[in-house]
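Encoded structure:
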C-alpha cells in the first residue's frame, strides 16, 4: 500500500513540473511580480516527492517484499536502522533521494531569493525544472523504486553487509546534498548568464549556496573515507579508485569556485571563470553519477550496472553540457566597463595561481579516471591507473600550491606589496629546519618530502599565528587553511611513519619482530542480530613492554551469505593501532594485518576543521561588522 | 607604457603555454609509466618478452590450490586453459576463496611464477571482475 | 574568426567524449551470451535435491537427448524472472530441464518451487557451488544446453525470449 501511494504521488509530482514550467514561462514574459502560484506548485511538488520517498521508507520498514526494490535490498532480520538506510543504499532509492533534494533545494531557493530580480528567479527555476524533469523521466521510465513483483516473495535478498554500517548509512544523503546543491549553482549561473546578471550582487547571493554545497560535499567525502578506512580492512582511507575520484573532482571544482566567487564579489573580476566553474561543478557531479551507475568503470566499489540506465544518464548529461555550452557561448559577455586590471602582487593573483593548480589537479584526476575507458574503446587494451600515478603528479605540485596558499591571504586586494614581512621569512626558515630534522634520518626521497613537510609546516605556523594576531578577522579562512595544513601534515606523517605487519598465524602462535610481538590468543564466537561473528584475541607487546589487546572480528552475515572482517582500531591522539584478520580457505591459518598509523585521527579532525571554516564563512557578515 | 603592457601580456601567454605543454607532457609520461596492464594466464604463456613492469593477472583461484604458511600464501590462478602459480605475502581480502574470481597485482618472475604484491578486493561475492570475464570468454 | 573557433573546438571535444563514453557503455554489459560449441560436459558427483542419494554425472545424461542445465537459487532475483521461460521450455517434448540448486537453503528453495511451480525433471544440489565451478559458470542463473554429452549452447544470466527461441530452434 505505501509503495502504491509512493508511486502515484511520484507520477503526480512529475505532472506538476509541466504546470510549473507553463506558469513560469507565462510569468517570465510579463514579469513585474513573482507569481505566487509557482511557489505553491513548487511546494506541492516537494510535498508529493516527500510522500513518495516516505512511502518507500515505510515499505522498507515493513519489509514489504511485493516491492522489487525492497525485495532486492532488504531482509526481515536486518536491524531497523539499516532497513531505513537501505532505502537510499540502492540505485532506485538513491535517485529518488536525488529528486527529493532537488525539489527541496529549488523551493528553498525561491523562498530565499526574494530580493533578487524576478526574471532571474524564474529562469533559474526553469533551468532547475529541466533537471528535475530529467530525473522524473529516469525514475519513472527505467528505474522505478515501486516495481511490483508477483508472487510476493517470503523473504528479501538482504543488503550487502559491507554497506551495513553507520557511516555509510548517512554518507549518501550528505554527499547528495552537496551534489544537488551544485545543481542550484548551475541553474542560477546559466540564468544569470542569459540575463547578463553575473555581478557583485549575484556573487554575494549565490555564495551561500556554493558554501553549503561545498560543506556537504566535504563532509560526504569525509564519511566515505572513514568508512573505507575501517570497513575495507586495508588500513588506508583513499585508494584513488575511480569511484572515489568522481566525488573528488566536483569537490575540487567547487573549492575553486568558493575562492573565485570571493574575487567576483569584491572586484567583479573572473566572471567567465566563475560561470565555467559553476557549470563544471554540476556536470562533474552528474558525470560521477554516470560513471558509477553505468558500470563503465572498473572499480573496487562495484554497483549493479545496467547499460540502459547508463545510456539515459549519458544522454541527459550531455544534453545539459550542450545546453550550458550554448548558453555560455551565445549569451555570455565580458563586462568591459569595470576595471579588471590585476597586479602581479595581490590577493587576486594568488587566487588565480591557485585556481590554475586546482585545475591541474582536477585534470590529472580526470585523465587518470577516464583514460582506461578511452584506451579500452580505442584499442581494447585493459588497464588500470594506480595510486603512483596520482601521487607522482599531485604531491610535487602541492609545494608551490601551499606556498601561495600561505602568502595569498597576507596580500591585499587590487595591489599589495611585501614590506616589513621579515616574520614570513623567519617562519619559513624555522619550518625548513624542523622538517630537515624530521626527515634527515629516514630512507625516503629527501628533497620532495622535506619540501612538502616544510611548506605544510609553514602554512601551519602562519595560520596559527593568524589566530592570535588577526583575532576574529577572516576567522573562517584562517580555520580552513589551518585545517588544510594540518591535513597535509597528518597525511605526510601518516605515510612516512606507518608500520605494517602482514603475517599468517594459527591460534596460539606468536609473530616476533624487533619492534613487537603479536600473539594470537584465542577465538570466540558471538551472535549478532543478523550475523554470527568470530572474534580473535590478539595481545601485542611492544619493545617498551606495553601490552595491548586487540579483538578483530569476522562477521558471517545470514542474508546474503557474506563474510566481512571488522577491523579493531584503538585510537589516541598520537596514533591508531589497526588490526584485521581473515580466513584463508578454511585452513587453520588466519591472515593478520597489523598497522600502527600515526596521526590518523588528525586527518579526520583536519577535514572537519576545513568544513568548519566553510560553515563560519556562511555567517561572515556578522564578523566583519 | 603601452609597450610594456603588451610585453607583459606576451610574456604571460608564453608562460601559460609553456606550463600547459609541460604539464601535458608530465601527465602523459607518468601515465605511460604507471599504467598497469591486465593479462590472463593464457596471454602470459604466449608473451614473447618479459618486462619489468607491474601487471595484473585475473582468473579463478584453482580448486585445492591454496596453501599457506606463516610468511606467504601460494595459489594457482587459472583461466581453465592455462595456469600460473602465485606467491603472495600480503593481506587477503574477505572474498578471496577457491573457485572465485581474483585479480592479483605484481611482477612476473617467469612464465609460471608470479610474485603478487596486492590482491584486489571486491565488495560483492557474485561479482566477476570484467577483465576476468572477458579473459574467460575469449577461450 | 578566433572567437567562433573556440565554441566549435569545445563542442567537438565534448562530442568526442560522448562517442567514447557511448561506445564504452557497450563494453560493460555484464551478461554476454557465449557460444561454446562442442565442449565435453564435466564429470562430477552430486546428490538429489530431496533425497540423500548420491549420483554420478554419467548416470544423469543419456546420449541422443537434449538437456537444459539450469543453475538457480531461491535468493537470486533474475532466477525468479527467468522462471516463466523455464516453464515454457518444459512443454517441449524432447528437452529435459535439470536444475542445480546453487548455494541455497533447501527450505527456501522448496518454497520457491511451491510458489512458482517446478519446471525441472530432476533437481540436484550444489550446496557449496563446486559443481558450478566445474561447469565454468560465472554465477546464477546460468544455463547450458546439452546434446550427446556436449555443451552446445551456454546462456550466462537469465533466459529471455530470444534465448528461448534459439533453444527451441536448436532442439528441432
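Protein chains in written order, with the numbering used here: chain A, 1 to 625; chain B, 1001 to 1139; chain C, 2001 to 2172.
In this text, a Cβ means the ideal position worked out from N, Cα and C, and glycines have one as well.
The model shown is predicted, which means the values in this text are computed figures rather than measured ones.
Inter-residue Cα distance where the pair is residue i and residue j
{"i": "residue 2055 of chain C", "j": "residue 2123 of chain C", "result": "12 Å"}
{"i": "residue 2032 of chain C", "j": "residue 604 of chain A", "result": "Confidence at residue 2032 of chain C is low in this model, with a pLDDT of 33, below 50, so its placement is unreliable and the value that follows should be read with caution. The straight-line gap from Cα to Cα measures roughly 43 Å."}
{"i": "residue 2029 of chain C", "j": "residue 2020 of chain C", "result": "Note that residue 2029 of chain C scores a pLDDT of 38, beneath 50, so its modelled location is shaky and nothing firm can be said."}
{"i": "residue 308 of chain A", "j": "residue 517 of chain A", "result": "54 Å"}
{"i": "residue 249 of chain A", "j": "residue 616 of chain A", "result": "24 Å"}
{"i": "residue 212 of chain A", "j": "residue 514 of chain A", "result": "50 Å"}
{"i": "residue 318 of chain A", "j": "residue 2018 of chain C", "result": "7 Å"}
{"i": "residue 284 of chain A", "j": "residue 2120 of chain C", "result": "50 Å"}
{"i": "residue 83 of chain A", "j": "residue 74 of chain A", "result": "6 Å"}
{"i": "residue 520 of chain A", "j": "residue 499 of chain A", "result": "19 Å"}
{"i": "residue 494 of chain A", "j": "residue 598 of chain A", "result": "5 Å"}
{"i": "residue 43 of chain A", "j": "residue 112 of chain A", "result": "14 Å"}
{"i": "residue 524 of chain A", "j": "residue 549 of chain A", "result": "14 Å"}
{"i": "residue 2035 of chain C", "j": "residue 2069 of chain C", "result": "The predicted model places residue 2035 of chain C with a pLDDT of 36, which falls under 50 and marks its position as unreliable, so this point remains unresolved."}
{"i": "residue 614 of chain A", "j": "residue 2141 of chain C", "result": "50 Å"}
{"i": "residue 512 of chain A", "j": "residue 542 of chain A", "result": "10 Å"}
{"i": "residue 2084 of chain C", "j": "residue 53 of chain A", "result": "32 Å"}
{"i": "residue 351 of chain A", "j": "residue 334 of chain A", "result": "20 Å"}
DSSP three-state assignment for residue i, whether helix, strand or coil
{"i": "residue 116 of chain A", "result": "coil"}
{"i": "residue 319 of chain A", "result": "helix"}
{"i": "residue 548 of chain A", "result": "strand"}
{"i": "residue 87 of chain A", "result": "coil"}
{"i": "residue 222 of chain A", "result": "helix"}
{"i": "residue 502 of chain A", "result": "strand"}
{"i": "residue 352 of chain A", "result": "helix"}
{"i": "residue 659 of chain A", "result": "Because residue 659 of chain A is not part of the residues shown, which for chain A are 1 to 625, the question remains open."}
{"i": "residue 1015 of chain B", "result": "helix"}
{"i": "residue 368 of chain A", "result": "helix"}
{"i": "residue 2106 of chain C", "result": "helix"}
{"i": "residue 507 of chain A", "result": "coil"}
{"i": "residue 376 of chain A", "result": "helix"}
{"i": "residue 599 of chain A", "result": "coil"}
{"i": "residue 1027 of chain B", "result": "helix"}
Residue i - containing alpha helix (DSSP H), residue span
{"i": "residue 396 of chain A", "result": "Where residue 396 of chain A is concerned, there is no enclosing alpha helix (DSSP H), given that its DSSP letter is neither H nor E."}
{"i": "residue 2169 of chain C", "result": "2161 to 2170"}
{"i": "residue 166 of chain A", "result": "166 to 194"}
{"i": "residue 1116 of chain B", "result": "Element bounds for residue 1116 of chain B: not the alpha helix (DSSP H) but the beta strand (DSSP E), 1113 to 1119."}
{"i": "residue 654 of chain A", "result": "For chain A, the structure presents residues 1 to 625; residue 654 of chain A sits outside this window and is missing."}
{"i": "residue 520 of chain A", "result": "Residue 520 of chain A -> not in any alpha helix (DSSP H); beta strand (DSSP E) instead, spanning 516 to 527."}
{"i": "residue 288 of chain A", "result": "271 to 294"}
{"i": "residue 14 of chain A", "result": "2 to 29"}
{"i": "residue 477 of chain A", "result": "475 to 497"}
{"i": "residue 2181 of chain C", "result": "With chain C represented from 2001 up to 2172, any question about residue 2181 of chain C goes unanswered, as that position is not in the structure."}
Residue i: contacting residues in chain B (beta-carbon distance under 7 Å)
{"i": "residue 242 of chain A", "result": "Within 7 Å Cβ-Cβ: nothing; residue 242 of chain A doesn't reach chain B, min ~13 Å."}
{"i": "residue 563 of chain A", "result": "1094"}
Continuous beta strand (DSSP E) stretch holding residue i: start and end
{"i": "residue 2056 of chain C", "result": "2054 to 2056"}
{"i": "residue 1104 of chain B", "result": "1101 to 1108"}
{"i": "residue 569 of chain A", "result": "568 to 571"}
{"i": "residue 426 of chain A", "result": "Counting along the chain, residue 426 of chain A falls outside any beta strand (DSSP E), though it belongs to the alpha helix (DSSP H) covering 422 to 439."}
{"i": "residue 2099 of chain C", "result": "2095 to 2102"}
{"i": "residue 2125 of chain C", "result": "2122 to 2126"}
{"i": "residue 579 of chain A", "result": "575 to 583"}
Within chain C, partners of residue i - CB distance below 7 Å
{"i": "residue 72 of chain A", "result": "2077"}
Listed by chain order, chain A residues near residue i by CB distance under 8 Å
{"i": "residue 1034 of chain B", "result": "385, 386, 388, 389 and 392"}
{"i": "residue 1086 of chain B", "result": "Going along chain A, no residue has its Cβ under 8 Å from residue 1086 of chain B, so there is no contact; the nearest lies around 13 Å."}
{"i": "residue 1038 of chain B", "result": "382, 383 and 384"}
{"i": "residue 2071 of chain C", "result": "Those within 8 Å of residue 2071 of chain C in chain A number zero; the least Cβ separation is about 16 Å."}
Contacts that residue i makes with chain C (C-beta to C-beta distance below 9 Å)
{"i": "residue 155 of chain A", "result": "2074, 2075, 2108 and 2111"}
Contacts that residue i makes with chain A (C-beta to C-beta distance below 7 Å)
{"i": "residue 2010 of chain C", "result": "325"}
Expected contact under 8 Å - CB spacing of residue i and residue j to nearest Å
{"i": "residue 2064 of chain C", "j": "residue 2103 of chain C", "result": "About 32 Å separates the two Cβ atoms, so there is no contact after all."}
{"i": "residue 618 of chain A", "j": "residue 116 of chain A", "result": "Their Cβ separation, rounded to whole angstroms, is 18 Å, which puts residue 618 of chain A and residue 116 of chain A out of contact at 8 Å."}
{"i": "residue 101 of chain A", "j": "residue 176 of chain A", "result": "5 Å"}
Below-8 Å beta-carbon distance, residue i vs any chain E residue
{"i": "residue 382 of chain A", "result": "Here chain E cannot be found, since the structure's protein chains are A, B and C."}
Neighbouring residues, chain B, relative to residue i (Cβ below 8 Å)
{"i": "residue 245 of chain A", "result": "The premise fails here: residue 245 of chain A is roughly 14 Å from chain B at the closest Cβ pair, so nothing lies under 8 Å."}
{"i": "residue 584 of chain A", "result": "1066, 1068, 1073, 1092 and 1096"}
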